[in-house]
Amino acid sequence: MPIDELSDGVQYTMDLLGIFAFALSGAFLAVRKDFDIFGTVILSEAAGLGGGLFRDLVLQVTPVAFTDLGYFFTPCVTATLVYFGHRLRHDDKVHEGRLFDISDAAALGLFSVTGTIKALTHGFNIPAAVTLGSAGAVGGGVLASLLALEQPALLRWNRDLYALPALVGATSAALLHHIGLLNVANAVGAALFAFGLRVLALRYSWRTPRSHFWRNPFAGLRQQLPPPNPLPAPAPPSSVKDPVKDPMEDLTEDPMEDTVRLMRPDVSAFPSRRGGFPASARSSHPAPDPRLLLHRAEPED
Numbered sequence: 000m001p002i003d004e005l006s007d008g009v010q011y012t013m014d015l016l017g018i019f020a021f022a023l024s025g026a027f028l029a030v031r032k033d034f035d036i037f038g039t040v041i042l043s044e045a046a047g048l049g050g051g052l053f054r055d056l057v058l059q060v061t062p063v064a065f066t067d068l069g070y071f072f073t074p075c076v077t078a079t080l081v082y083f084g085h086r087l088r089h090d091d092k093v094h095e096g097r098l099f100d101i102s103d104a105a106a107l108g109l110f111s112v113t114g115t116i117k118a119l120t121h122g123f124n125i126p127a128a129v130t131l132g133s134a135g136a137v138g139g140g141v142l143a144s145l146l147a148l149e150q151p152a153l154l155r156w157n158r159d160l161y162a163l164p165a166l167v168g169a170t171s172a173a174l175l176h177h178i179g180l181l182n183v184a185n186a187v188g189a190a191l192f193a194f195g196l197r198v199l200a201l202r203y204s205w206r207t208p209r210s211h212f213w214r215n216p217f218a219g220l221r222q223q224l225p226p227p228n229p230l231p232a233p234a235p236p237s238s239v240k241d242p243v244k245d246p247m248e249d250l251t252e253d254p255m256e257d258t259v260r261l262m263r264p265d266v267s268a269f270p271s272r273r274g275g276f277p278a279s280a281r282s283s284h285p286a287p288d289p290r291l292l293l294h295r296a297e298p299e300d
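In structure tokens, the structure reads:
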């Protein structure tokens, strides 16, 4: 089948299926983020039409999202079905995550093939067509993630393969066109091949390797505990009491060796809040220095 006939007869259906799958993933992301109905519709439109809009702008053609009502209303219907669907329980979060991954993988495979075919019909060479098909496939998911304030999976090494399945689907379609074997069955097979690679990557956690130039800033650092502070040896008990010393000398000694007890002063020796000393203390001796109230505790026998 010629590529023109394939593009006119099959690409519309494949585009609608891809838009529906990407819009479904965008709607699930909006519900998970607790967006309202308008936010869910906007995120579905961005996920479903973002990649195609970028592809058409590069091809310098009018985006089909603004000329065909089917392209525009498919994300709206998808967002409405997801938003007003059955309420997900706590146990359904795993199933919701699987639906998000499966729909995203299906859209990734479909858009990688349809975008490449459309680029080939406009006279692009194989490398340019593969690049544009892959960019159009991942563009919707990247735009939806950015609107939801999430880092796109395309940019993270610790996420399962995302760009590679799109690149494989686009390359398969371009090579089939180059050898003259591109038809409906082969186009669908290339999309299924990209879809299967993405699903296997999700199942077995296949990821791209980390760069050799990456350096862990904490590598080589060992967490060492500081050496313990040995306590001074206690002084041997003495049966002879210490002679009377100046109380201020105790303030310069090691606090670990001696215990300083703060004696409660006599409140009558200090002025009251209203000023002046109490009547009982006016005729007595002046108030003592508070520093002299520190008294060294006698060691217990």
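Residue numbering for the sequence shown is 0 to 300, as defined by numbering that gives the first Met the number 0. Beta carbons are placed, not taken as given, at the ideal position from N, Cα and C, and that holds for glycine.
Environment of residue i [buried if 16+ CB atoms lie within 10 Å]
i, result
"R54", "buried"
"G84", "exposed"
"E149", "exposed"
"T39", "buried"
"G317", "Past the boundaries of the shown model lies residue 317; the chain is included only from 0 to 300, so the question cannot be answered."
"V68", "Reading the sequence as shown, one finds Leu at residue 68 and not Val. The residue is exposed, with fewer than 16 neighbouring Cβ atoms inside 10 Å."
"L154", "exposed"
Contacts around residue i, its chain only, beta-carbon distance under 8 Å, and the 5 residues preceding and following it disregarded
i, result
"H177", "I125"
"V63", "D14, G51, D55, Y70"
"T73", "L15, I18, F19, A22, G47"
"L98", "L23, F27"
"P164", "A104, L107, G108, S111, A193, F194, L196, R197, A200"
"F65", "F71"
"L166", "S111, V129, S133"
6 Å Cβ shell around residue i - same chain, five flanking residues per side excluded
i, result
"L175", "L181, N185"
"V112", "G168, A172, A186, A189, A190"
"G25", "L42, S43, A46, A143"
"G108", "G168, A190, A193, F194"
"P151", "V141, S144"
"A200", "D159, L160"
"F110", "G17, G50, G135, A136"
"L58", "H121"
"A29", "G38, T39, L42"
"R31", "none"
"K117", "none"
Endpoints, alpha helix (DSSP H) assigned at residue i
i, result
"F212", "Per DSSP, F212 belongs to no alpha helix (DSSP H) and is neither H nor E."
"L146", "125-146"
"V30", "10-31"
"R197", "183-203"
"Y70", "68-82"
"E149", "Run containing E149: none; DSSP gives neither H nor E here."
"P164", "162-177"
"T207", "Run containing T207: none; DSSP gives neither H nor E here."
"G51", "36-58"
Supposed contact pair residue j and residue i - C-beta distance, whole angstroms, cut 8 Å
i, j, result
"G132", "T120", "Wrong, their Cβ atoms sit about 12 Å apart, outside the cutoff."
"F27", "V81", "6 Å"
"T170", "V129", "5 Å"
"V9", "V183", "5 Å"
Residues near residue i by beta carbon distance below 7 Å, same chain, minus five either side
i, result
"G138", "G49, G50, F53"
"A78", "A22, A26, T39, V40, S43"
"S210", "none"
"F212", "none"
"R202", "none"
beta-carbon residue i near the ligand SAM non-hydrogen atom, thresh 8 Å
i, result
"L15", "In the structure shown, the ligand SAM is absent, as is every other ligand, since no ligand is present at all."
is_contact[residue i, chain D] using C-beta, thresh 9 Å
i, result
"Y11", "The structure shown has no chain D; it contains just one protein chain."
(Q) With a threshold of 8 Å, are at least 3 pairs of Cβ atoms found where one atom belongs to the stretch 202-209 and the other to the stretch 150-159? (A) Because the criterion of three Cβ pairs below 8 Å is met, the stretch 202-209 and the stretch 150-159 touch.
Q) Below 8 Å, can you find three or more Cβ-Cβ pairs linking the stretch 30-40 to the stretch 9-16? A) no
Q: Assess, as a yes-or-no matter, whether the stretch 113-125 is touched by the stretch 95-105 under the definition of 3 or more beta carbon pairs within less than 8 Å.
A: With a cut-off of 8 Å, the stretch 113-125 and the stretch 95-105 do not count as touching, because too few Cβ pairs lie within range.
Q) Pairing CB atoms from the stretch 41-58 with CB atoms from the stretch 138-149, are three or more of them under 8 Å? A) Yes, since at least three Cβ pairs between the stretch 41-58 and the stretch 138-149 fall closer than 8 Å, the two stretches touch.
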